[in-house]
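Protein sequence lines, in the order shown, are assigned to chains A and B.
Heads up: the first sequence is residues 3 to 206, going by this note's numbering.
Heads up: the second sequence is residues 3 to 206, going by this note's numbering.
2 protein chains.
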Amino acid sequence: MNSSASTKERILTAAELLFAQRGFDGASLRQLTAAAGVNLAAVNYHFGSKDKLVEEVFRRRLDTLNAHRLAALSKVAGQPGTTLETVLDAFIRPALALSSDGSGSLFMRVLARAFAEHDDHLRQFLSENYGHVMRQFTAEFARLLPGLSREELYWRIDLVTGALTHAMSGFGMIQRKGDVSEATHREQTIAHLIRFAVAGLSHP
Amino acid sequence: MNSSASTKERILTAAELLFAQRGFDGASLRQLTAAAGVNLAAVNYHFGSKDKLVEEVFRRRLDTLNAHRLAALSKVAGQPGTTLETVLDAFIRPALALSSDGSGSLFMRVLARAFAEHDDHLRQFLSENYGHVMRQFTAEFARLLPGLSREELYWRIDLVTGALTHAMSGFGMIQRKGDVSEATHREQTIAHLIRFAVAGLSHP
DNA sequence: CAGGGAATCAAACGATCGTTTGAGCATACG
DNA sequence: CGTATGCTCAAACGATCGTTTGATTCCCTG
């Protein structure tokens, strides 16, 4: 573990890794603090409790990830030339950039876990703090797909979200062919996901 | 809890509910046996260990679910009039029938959990025992989509699987409009999922 | 009716969990 | 220099975990 970073940062990085590997319950504070090279009591000292640590793991990544998403969305939302592709790009690209980062490459896996676990407390935390992001994207999808009923739109967004979350949680796991660069691979993946999402959202 | 069923059956039913609600680690054998109305030691007596119980929870549902899927697939696979829709129907309909059963309505949620948790032991168990099912469906998809490369096909199947797993894990949660019957609602959902999957698999 | 294997039971096992404690250390400020 | 303040540390807390034990009850069969 990086011994130059601060204790809080080392704990967050080790927690992200272990939460991705073993889940929130499965990763103990003793494994976690040992991997981070800090004392066991450091978690409760710096974060208050294990639950607060979990929230902070999400906050560290989602604050900037969703800020990037909204920044990209604001550049295209409501504009005349905007298409489904450009809106989906605003949603997908920041997530895959984070996954390619090396630093945050495991976070999408953690997010997929929280997505599958129907834990009420965690869902409420995510909804309260980041629900407005999905709401803004949904509004733009509704504008670009005027033929769909509200119910039909929610259905399709739910399905697309499930597919993207699942796919992005595995990004970085699959070995890419040696003759393409990381950037090229990412662009191809983004194109894949966008085409799939467009087909799922806009089929007749 | 149903006190007329056998102890093993009562344990499996209570385990399915609690695994869906709290996860495999989160549900303790004490909560589980209390909910089932059986003694704490009954789990280790009848199943050997908690891990074996988890496997049995999957086996009880997946044996019949996948048998139904393969039976439906064998009726259409390779036939001249077969389309993507009929193959997807063979895959989706048995799962939603199980979800509508009342008895097994929570199992798809458990399956979605196992899907998100990248637990090696559980994945190996599922792959060894039920991997041939997805292999047969994949072969039929490949036959119906000759224009796609193997890599492209795997990509799309992975995305569709993620979407369907996510959607079916929430089936039964959403309140349906009061004027449609359970059967009608299920048919509409199947139609929804099939159309989405067809669009995701076959877009140009 | 008697005997015996299957099933259930309360109780306890050692291990591990998240959390708390209080002493010890460092660094900065008067 | 003395002393606050922020942080780290080993150790222990009570609770809960999965599992095991040995006695007891149940039920079928001869």
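Every residue gets a Cβ at the ideal spot worked out from N, C-alpha and C, and that includes glycine.
The Cβ-Cβ distance between L98/B and R197/B does not fall below 9 angstroms. Around the Cβ of A114/A, a 10 Å sphere holds 16 or more other Cβ atoms; the residue is buried. For R158/A, the closest C-alpha among the options L124/A, F143/A, A37/A and A43/A is that of F143/A. For H205/B, the nearest CB of chain A lies under 9 angstroms from its own CB, placing it at the interface with that chain. At a Cβ-Cβ threshold of 9 angstroms, G50/A and E119/A do not count as neighbours. For L195/A, the nearest beta carbon of chain B is closer than 9 angstroms to its own beta carbon.
In the structure shown, T85/B falls within a coil segment according to DSSP collapsed to helix, strand and coil. Nearest CB-CB separation between G164/A and chain B: below the 9 angstroms threshold. Secondary structure at V182/A: coil, using DSSP grouped into helix, strand and coil. In this structure, DSSP gives D122/A a helical state, which the three-state scheme calls helix. For F173/A, the secondary structure class from DSSP, reduced to helix, strand or coil, is coil. Exclusion of the five residues before and after R63/B leaves G106 and F109 as the residues of its chain whose Cβ lies within less than 6 angstroms of its Cβ. Considering only A201/B, P148/B, L124/B and L203/B, the residue with the shortest C-alpha distance to D27/B is L124/B. The alpha-carbon of A43/A is positioned some 36 angstroms away from that of A169/A.
Counting the other Cβ atoms within 10 Å of the Cβ of A185/A gives fewer than 16, which makes it exposed. Ranked by Cα distance from S8/A, the options L34/A, E18/A and V40/A are led by V40/A. Of all residues in the stretch 11-35 of chain A, those with a C-beta nearer than 7 angstroms to a C-beta of chain B are G25, D27 and G28, reading in chain order. The residues M3, L34, T35, A37 and A38, in chain order, have a CB closer than 8 angstroms to that of A16/A in the same chain once the five nearest residues on each side in sequence are set aside. DSSP, reduced to helix, strand and coil, places D103/A outside both helices and strands of the structure shown, so it counts as coil. Using a Cβ distance threshold of 9 angstroms, L146/A and L195/A do not count as a contacting pair.
About 6 angstroms separates the CB atoms of E57/A and F127/A; that is less than 8 angstroms, so the two are in contact. When secondary structure is reduced to three states using DSSP, H205/B falls in the coil class, being assigned neither helix nor strand. The distance from the Cβ of V112/B to that of V45/B is about 17 angstroms, inconsistent with a contact at the 8 angstroms cut-off. Assigned with DSSP and collapsed to three states, G133/B falls in helix. Under the three-state reduction of DSSP, V59/A is assigned to helix.
Under the Cβ criterion of 9 angstroms, V200/A is counted among the residues facing chain B. What A43/A touches in chain B, judged by beta-carbon distance under 7 angstroms, is nothing: the nearest beta carbon there is about 24 angstroms away.
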